[in-house]
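Chains as they are written, first to last, in our numbering: chain P, 29 to 247; chain C, 29 to 247; chain Z, 40 to 266; chain F, 40 to 266. For glycine and all other residues, C-beta sits at the position ideal for the given N, C-alpha and C. What you are looking at is a predicted structure, and each value in this text was computed from that prediction instead of being measured. Notes follow the structure.
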Amino acid sequence: MMRLSNEDMARRVAQDIPDGAYVNLGIGMPTQVANFVSADRQVIYHSENGILGVGPAPEPDKIDPDLINAGKQYVTLIPGGCYFDNSESFAMMRGGHLDIAVLGAFQVSATGDLANWATLSQTLPPAVGGAMDLAVGARQLFVLMRHNAKDNAPKILEKCVYPLTGAGVVKRIYTDLAVIDVTDEGLRVRELYGDNTLEEVQALTGAKLLPPLQEPSAH
Amino acid sequence: MMRLSNEDMARRVAQDIPDGAYVNLGIGMPTQVANFVSADRQVIYHSENGILGVGPAPEPDKIDPDLINAGKQYVTLIPGGCYFDNSESFAMMRGGHLDIAVLGAFQVSATGDLANWATLSQTLPPAVGGAMDLAVGARQLFVLMRHNAKDNAPKILEKCVYPLTGAGVVKRIYTDLAVIDVTDEGLRVRELYGDNTLEEVQALTGAKLLPPLQEPSAH
Amino acid sequence: MINKVCDSLKSAVADVHDGAVVMIGGFGNSGIPLQLIEALRQHGARDLTIISNNSGVREEGIASLLRDGLVRKIVCSFPRSAGSVWFERLYEKGELELELVPQGTLSERIRAAGAGLGGVYTPTAYGTLLAEGKDTRIIDGKGYVLETALHADFAFIKALTADTWGNLIYNTAGRNFNPVMASAARITVAEVASIVEAGGLNPEHVVTPGIFVNRVVAQEEQQHDAA
Amino acid sequence: MINKVCDSLKSAVADVHDGAVVMIGGFGNSGIPLQLIEALRQHGARDLTIISNNSGVREEGIASLLRDGLVRKIVCSFPRSAGSVWFERLYEKGELELELVPQGTLSERIRAAGAGLGGVYTPTAYGTLLAEGKDTRIIDGKGYVLETALHADFAFIKALTADTWGNLIYNTAGRNFNPVMASAARITVAEVASIVEAGGLNPEHVVTPGIFVNRVVAQEEQQHDAA
Chain P
29 MMRLSNEDMA
39 RRVAQDIPDG
49 AYVNLGIGMP
59 TQVANFVSAD
69 RQVIYHSENG
79 ILGVGPAPEP
89 DKIDPDLINA
99 GKQYVTLIPG
109 GCYFDNSESF
119 AMMRGGHLDI
129 AVLGAFQVSA
139 TGDLANWATL
149 SQTLPPAVGG
159 AMDLAVGARQ
169 LFVLMRHNAK
179 DNAPKILEKC
189 VYPLTGAGVV
199 KRIYTDLAVI
209 DVTDEGLRVR
219 ELYGDNTLEE
229 VQALTGAKLL
239 PPLQEPSAH
Chain C
29 MMRLSNEDMA
39 RRVAQDIPDG
49 AYVNLGIGMP
59 TQVANFVSAD
69 RQVIYHSENG
79 ILGVGPAPEP
89 DKIDPDLINA
99 GKQYVTLIPG
109 GCYFDNSESF
119 AMMRGGHLDI
129 AVLGAFQVSA
139 TGDLANWATL
149 SQTLPPAVGG
159 AMDLAVGARQ
169 LFVLMRHNAK
179 DNAPKILEKC
189 VYPLTGAGVV
199 KRIYTDLAVI
209 DVTDEGLRVR
219 ELYGDNTLEE
229 VQALTGAKLL
239 PPLQEPSAH
Chain Z
40 MINKVCDSLK
50 SAVADVHDGA
60 VVMIGGFGNS
70 GIPLQLIEAL
80 RQHGARDLTI
90 ISNNSGVREE
100 GIASLLRDGL
110 VRKIVCSFPR
120 SAGSVWFERL
130 YEKGELELEL
140 VPQGTLSERI
150 RAAGAGLGGV
160 YTPTAYGTLL
170 AEGKDTRIID
180 GKGYVLETAL
190 HADFAFIKAL
200 TADTWGNLIY
210 NTAGRNFNPV
220 MASAARITVA
230 EVASIVEAGG
240 LNPEHVVTPG
250 IFVNRVVAQE
260 EQQHDAA
Chain F
40 MINKVCDSLK
50 SAVADVHDGA
60 VVMIGGFGNS
70 GIPLQLIEAL
80 RQHGARDLTI
90 ISNNSGVREE
100 GIASLLRDGL
110 VRKIVCSFPR
120 SAGSVWFERL
130 YEKGELELEL
140 VPQGTLSERI
150 RAAGAGLGGV
160 YTPTAYGTLL
170 AEGKDTRIID
180 GKGYVLETAL
190 HADFAFIKAL
200 TADTWGNLIY
210 NTAGRNFNPV
220 MASAARITVA
230 EVASIVEAGG
240 LNPEHVVTPG
250 IFVNRVVAQE
260 EQQHDAA
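What follows is the structure, given as structure tokens:
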């Protein structure tokens with residue numbers, strides 16, 4: 029089977045970020061998406077700590093210690109960006125002003141439930157951050173994650189086992205095997221990478237997958 | 029009986045505005061209070077449309093059409109003042125950040141209910157503005173009004189007849205006859221002007237007045 | 040590439056439909072998008088719901104929409120002021136629905152919509168006529184009224200300067216309802232005195248981030264027509 | 040005459056009592072009032088409730104208060120991060136109470152306190168563990184959770200420049216929780232890099248109006264002690 033690298037997964041999501049979009053990229057793999065958005069598109073990245081227009085990492089001698097992204101990395105501001113406080117930042121997120129949020133996940137359910145903030149493990153104290161606000165607020169919530177956990181357990185399930193971040197919030201799932209839409213009918217495969225078949229991907233998935241829709245004829 | 033002029037009533041309130049206070053003065057007579065605050069006190073006037081540090085009227089050639097107070101009069105900004113939007117302005121009012129608000133009133137009740145936005149007349153369509161927000165939010169709400177209506181009807185009543193602006197919100201009433209505190213025991217006269225007697229003022233008042241407290245002895 | 044600048048006031052309001060809910064910024068005569076209102080009047084969409092602090096005076100601003108019979112309902116804190124003749128006339132004839140909202144509750148309900156909240160518990164109006172029929176709740180011994188979010192199809196606002204990405208700064212007390220309304224409408228249109236390139240505003244000084252603004256239009260030379 | 044400037048960090052925190060509820064601004068290492076936190080640590084008030092987005096890393100900031108055993112409870116969105124050893128240690132031993140709040144709900148609850156609201160209905164956390172035991176409500180077909188106002192005795196915040204009346208401006212993303220916390224405490228203390236006279240800040244650029252700030256204190260020369 030064809031399995032995309034993390035980099036190629038981020039590249040694939042980047043193709044679906046349109047020109048002019050306001051986008052929040054979650055901590056970790058989602059942050060990489062920005063590296064692969066086509067240079068002919070202007071995308072405005074939001075960071076929950078209070079930035080619109082997040083730019084690339086600064087030169088080492090140009091670091092502003094206050095100017096970090098949500099992952100606590102030093103960043104810059106692009107021309108046309110601006111700053112605001114946390115309550116306004118989350119008003120943007122919760123109020124449906126972001127076109128797209130891309131988040132990682134532990135599990136996604138057939139009805140678009142997202143679990144990405146806690147496992148069932150009791151060894152770590154909990155922490156939630158801004159994930160729940162993004163989950164309910166972004167106009168389109170994309171999940172970017174490997175199709176299976178390290179032990180090969182499926183991460184796409186009929187019902188999440190881990191505590192939910194949000195219920196019925198995920199719009200599309202990008203994995204290393206496929207792109208899958210969450211629809212009213214259920215999980216519909218949108219794209220299979222390489223020669224991956226629906227049956228192969230289904231075997232690695234804990235929820236029923238629907239086949240891709242036929243492309244409508246062009247006339 | 030001694031009846032203060034409107035100007036002297038405003039002057040009397042001004043004596044009770046301390047140095048450093050954040051104050052909102054209602055439209056009409058209360059606005060005059062600012063003219064009489066002692067020059068050795070710095071008082072920061074708030075205007076509900078989004079100004080802290082309202083200054084005097086501008087010279088005619090210095091008018092900024094956007095820079096008006098809540099009464100729609102042209103004003104200026106003093107050094108140290110600032111601008112903000114309406115939602116932040118009302119956060120200040122509602123959130124208990126203003127030390128004092130001075131409002132006019134149609135009626136005040138023995139328990140500090142305030143009626144100043146509507147009468148029982150059906151001839152005028154209603155309008156409420158920011159009075160209800162000031163009423164619930166200011167740390168101390170002073171009412172400045174003539175003791176009696178034009179037809180001599182008392183404006184201080186056991187219970188307001190007109191629709192309420194806020195319930196149990198008034199702290200002190202300044203009229204042309206007296207200064208009256210709203211206390212847990214009831215309305216207590218704080219100060220009688222000139223030779224006005226409690227009996228004379230009581231006769232013009234629609235609620236029971238308690239006599240001034242004896243000054244505590246100095247030792 | 041992002042460019043939110045509209046080439047005319049007319050095109051900036053062209054998609055306002057009959058029955059639209061329209062927020063209009065301003066307080067008294069401060070910070071009102073008068074040219075957008077005039078474009079809306081000429082556009083002629085009817086049956087509008089207008090959300091604004093005031094209702095216009097004489098024949099100006101919102102008053103001109105009322106006069107032309109374009110408005111079904113007004114959501115307002117202080118509709119009656121010296122010269123608000125069209126509001127008073129229509130209201131008395133029963134031809135205009137009024138939802139009277141305390142001023143701070145008006146801005147807070149608008150903010151709630153922009154911030155994705157369903158509603159807020161405010162102490163304002165508790166125990167008064169304006170709370171009748173509304174849910175109330177005692178929290179820590181104090182009474183509050185539930186006020187729900189107030190959304191709009193369009194917000195017409197006024198700012199001093201925009202950049203091409205819709206970031207806005209204002210002039211003095213001209214901010215008033217404009218920033219909060221920008222956040223609460225499906226389509227926000229800003230009338231501005233001048234437009235600069237993206238990057239032309241200091242990012243520390245931006246008051247309304249461009250994410251809240253869909254269209255920016257420069258004020259045109261004032262036409263002194265007799266409308 | 041109004042002058043909110045404190046002559047020392049020590050005097051700025053001197054009245055923090057045992058059991059106080061203290062908000063502390065900052066996000067990660069951005070916009071944290073580190074010198075006020077150190078002054079608070081030296082002051083030594085105990086049994087504190089700390090409201091902050093994070094819990095400090097290594098021995099720095101809030102982590103130093105945890106290490107010294109001054110904190111009873113922490114209200115926080117993301118207490119666990121790389122290096123948050125003191126939080127993890129105390130939490131696992133059951134010596135620290137944690138109230139976990141989604142980040143946007145944290146700032147909205149703080150704003151509600153500052154704005155005099157009793158609470159807000161937020162969609163965040165609806166249908167999740169973090170809504171358990173809380174009132175919920177369906178408004179226009181969508182589920183919301185009631186979140187109540189979060190007040191504090193003290194807010195310690197960090198800004199770039201203050202004037203003597205407490206008006207504040209910030210540096211880039213150093214704003215984060217600082218402006219909203221300023222509004223929600225009985226006493227707000229701002230640690231700043233520089234102080235100017237009232238009138239020295241452009242009134243259009245002020246982010247936190249001075250009415251929300253009780254004390255301003257300039258950062259002192261960094262002492263590289265081994266605390």
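Item to check | Contact between the stretch 111-129 of chain C and the stretch 72-86 of chain C (3+ Cβ pairs under 8 Å) | outcome: Touching, yes.
Checklist entry - In angstroms, rounded to a whole number, what distance separates the CA positions of residue 114/F and residue 138/F? => result Residue 114/F sits at position 75 when you count from the first residue of the fourth sequence. Residue 138/F sits at position 99 when you count from the first residue of the fourth sequence. Answer to the nearest angstrom: the Cα atoms are 5 Å apart.
Checklist entry - In three-state terms, what does DSSP make of residue 146/Z? => result As a working note, residue 146/Z is residue 107 in the third sequence. Note: residue 146/Z maps to helix in three-state DSSP.
Next on the checklist: To be precise: take each residue of the stretch 49-76 of chain C, compare its Cβ to all Cβ atoms of chain F, and keep it if any distance is under 8 Å. Which residues remain?
Outcome noted: Cβ contacts with chain F come from 50, 70, 72 and 74.
Next on the checklist: Tell me the residue span of the beta strand (DSSP E) that contains residue 135/P.
Outcome noted: Along the first sequence, one-based indexing puts residue 135/P at 107. Segment 135-137, the beta strand (DSSP E) holding residue 135/P.
Checklist entry - Are at least three pairs of beta-carbons, each pair with one atom in the stretch 46-59 of chain C and one in the stretch 130-137 of chain C, less than 8 Å apart? => result Using a C-beta cut-off of 8 Å, the stretch 46-59 of chain C makes contact with the stretch 130-137 of chain C, since at least three inter-stretch Cβ pairs fall below that distance.
Next on the checklist: I need the DSSP call for residue 152/Z, collapsed to helix, strand or coil.
Outcome noted: Looking up residue 152/Z in the third sequence gives position 113. Correct three-state label for residue 152/Z: helix.
Next on the checklist: Could you compute how far the alpha carbon of residue 147/C sits from the alpha carbon of residue 59/C?
Outcome noted: Sequence index remark: in the second sequence, residue 147/C carries index 119 (1-based). Sequence index remark: in the second sequence, residue 59/C carries index 31 (1-based). Distance between the alpha carbons of residue 147/C and residue 59/C is about 22 Å.
Checklist entry - Among the residues of its own chain, which have a CB less than 6 Å from the CB of residue 233/P, if the five just before and after it don't count? => result Taking the first sequence and counting its residues from 1, the one referred to as residue 233/P is at position 205. Once the five neighbours on either side are set aside, the close Cβ partners of residue 233/P are 182 and 184.
Next on the checklist: Let me confirm a value: residue 97/C is counted as buried when at least 16 other C-beta atoms fall within 10 Å, else exposed. Which label applies?
Outcome noted: For this step, residue 97/C is matched to residue 69 along the second sequence. That one is buried.
Checklist entry - By DSSP, does residue 55/P sit in helix, in strand, or in coil? => result In the first sequence, residue 55/P corresponds to position 27, counting from 1. In this structure, residue 55/P counts as coil in the three-state DSSP scheme.
Checklist entry - What's the call for residue 53/Z, buried or exposed, on a 16-neighbour Cβ count within 10 Å? => result Working through the third sequence from its first residue, we reach residue 53/Z at position 14. Exposed, by the Cβ-count rule.
Item to check | residue 137/F, DSSP secondary structure in three states | outcome: As a working note, residue 137/F is residue 98 in the fourth sequence. In the structure shown, residue 137/F sits in a strand (DSSP, three-state: E or B).
Checklist entry - If you check the beta carbons only, do residue 207/C and residue 169/C fall under 8 Å apart? => result Translated into positions along the second sequence, residue 207/C becomes position 179. Translated into positions along the second sequence, residue 169/C becomes position 141. Contact check for residue 207/C against residue 169/C fails: the beta carbons are separated by 8 Å or more.
Checklist entry - Between residue 48/P and residue 68/P, what straight-line distance do the alpha-carbon atoms span, to the nearest angstrom? => result Within the first sequence, residue 48/P is the residue found at index 20, counting from 1. Within the first sequence, residue 68/P is the residue found at index 40, counting from 1. CA-to-CA, the gap between residue 48/P and residue 68/P works out to about 10 Å.
Item to check | Buried/exposed call for residue 170/Z, threshold 16 Cβ in 10 Å | outcome: For this step, residue 170/Z is matched to residue 131 along the third sequence. Under this definition residue 170/Z is a buried residue.
Checklist entry - So is residue 78/C in contact with chain Z if we call contact Cβ pairs under 8 Å? => result Working through the second sequence from its first residue, we reach residue 78/C at position 50. True, the Cβ-Cβ gap to chain Z drops below 8 Å.
Item to check | Contact belief for residue 189/Z with residue 223/Z at Cβ below 8 Å, rounded distance in angstroms | outcome: For the purposes of this step, residue 189/Z is taken as residue 150 along the third sequence, with counting starting at 1. For the purposes of this step, residue 223/Z is taken as residue 184 along the third sequence, with counting starting at 1. At roughly 7 Å, the Cβ-Cβ gap stays under 8 Å, so residue 189/Z and residue 223/Z are in contact.
Checklist entry - In chain P, which residues lie less than 8 Å from residue 141/F when you measure between Cβ atoms? => result Taking the first residue of the fourth sequence as position 1, residue 141/F is located at position 102. 156, 157, 158, 159, 160 and 161, listed in chain order.
Checklist entry - If the cut is a Cβ gap below 9 Å, which residues of chain P does residue 243/Z touch? => result Locating residue 243/Z in the third sequence gives position 204, where the first residue counts as 1. Simply 110 and 111.
Next on the checklist: Short of 7 Å Cβ to Cβ, which residues in the stretch 86-101 of chain C face chain Z?
Outcome noted: Correct list: 92, 93, 94, 95, 96 and 100.
Checklist entry - Along the chain, where does the alpha helix (DSSP H) that runs through residue 76/F open and close? => result For this step, residue 76/F is matched to residue 37 along the fourth sequence. Secondary structure note for residue 76/F: its alpha helix (DSSP H) is the uninterrupted segment 73-82.
Checklist entry - Per DSSP, residue 208/C forms a beta bridge with which residues? => result By 1-based counting over the second sequence, the position of residue 208/C is 180. Per DSSP, 201/C and 217/C.
Checklist entry - Does any residue of chain A bring its CB to less than 8 Å from the CB of residue 157/F? => result This model lacks chain A altogether, as its protein chains are P, C, Z and F.
Checklist entry - Which two residues bound the contiguous beta strand (DSSP E) that contains residue 227/C? => result Counting from one through the second sequence, the residue named residue 227/C turns up at place 199. From DSSP, residue 227/C is part of no beta strand (DSSP E) but of the alpha helix (DSSP H) over 226-231.
Checklist entry - Are three or more beta carbon pairs between the stretch 153-168 of chain Z and the stretch 115-128 of chain Z nearer than 8 Å? => result The stretch 153-168 of chain Z, when compared against the stretch 115-128 of chain Z, does not touch it at the 8 Å Cβ threshold.
Checklist entry - Would you say the stretch 225-232 of chain Z touches the stretch 245-255 of chain Z, given that touching needs at least three Cβ pairs under 8 Å? => result Yes, the stretch 225-232 of chain Z is in contact with the stretch 245-255 of chain Z.
Item to check | Spatial neighbours of residue 136/Z in its chain, beta-carbon cut-off 8 Å, leaving aside the 5 residues before and after | outcome: Taking the first residue of the third sequence as position 1, residue 136/Z is located at position 97. Short of 8 Å from the beta carbon of residue 136/Z, and not among the five residues preceding or following it, lie these beta carbons of its own chain, in chain order: 111, 112 and 113.
Checklist entry - How should residue 109/P be labelled, buried or exposed, when 16 other C-beta atoms within 10 angstroms of its C-beta is the threshold for buried? => result Indexing the first sequence from 1 puts residue 109/P at position 81. Burial call: buried.
Item to check | C-beta atoms of residue 48/Z and residue 83/Z nearer than 8 Å | outcome: Translated into positions along the third sequence, residue 48/Z becomes position 9. Translated into positions along the third sequence, residue 83/Z becomes position 44. Against a cut-off of 8 Å, the Cβ pair of residue 83/Z and residue 48/Z comes out as no contact.
Checklist entry - What whole-angstrom Cβ distance do residue 40/F and residue 194/F have, given they're in contact under 8 Å? => result Within the fourth sequence, residue 40/F is the residue found at index 1, counting from 1. Within the fourth sequence, residue 194/F is the residue found at index 155, counting from 1. Taking 8 Å as the upper bound for CB-CB distance, residue 40/F and residue 194/F are not in contact here, some 24 Å apart.
Next on the checklist: Residues of the stretch 177-195 of chain P in Cβ contact with chain F at a cutoff of 9 Å, in chain order, please.
Outcome noted: So the list reads 191, 192, 193, 194 and 195, given in the order they occur along the chain.
Next on the checklist: Against residue 160/Z, what residues of chain F qualify as contacts under a CB-to-CB distance less than 7 Å, listed in chain order?
Outcome noted: The residue you call residue 160/Z lines up with position 121 of the third sequence. Below the 7 Å Cβ cutoff, chain F contributes 156, 157 and 158 as neighbours of residue 160/Z, in chain order.
Item to check | Pick from 197/Z, 133/Z, 192/Z and 147/Z that is closest to residue 89/Z, judged by C-alpha positions | outcome: For this step, residue 89/Z is matched to residue 50 along the third sequence. Closest option to residue 89/Z, Cα to Cα, is 192/Z.
Next on the checklist: Just checking: is the beta-carbon of residue 42/P within a distance shorter than 8 Å of some beta-carbon in chain Z?
Outcome noted: Position 14 of the first sequence, counted from the first residue, corresponds to residue 42/P. Not closer than 8 Å to any Cβ of chain Z, the Cβ of residue 42/P fails to qualify, so no.
Item to check | Proximal chain F residues relative to residue 107/C, where beta-carbon distance stays under 7 Å | outcome: In the second sequence, the residue the question calls residue 107/C occupies position 79. Within chain F, the residues whose beta carbon sits less than 7 Å from that of residue 107/C are 237 and 238, listed in sequence order.
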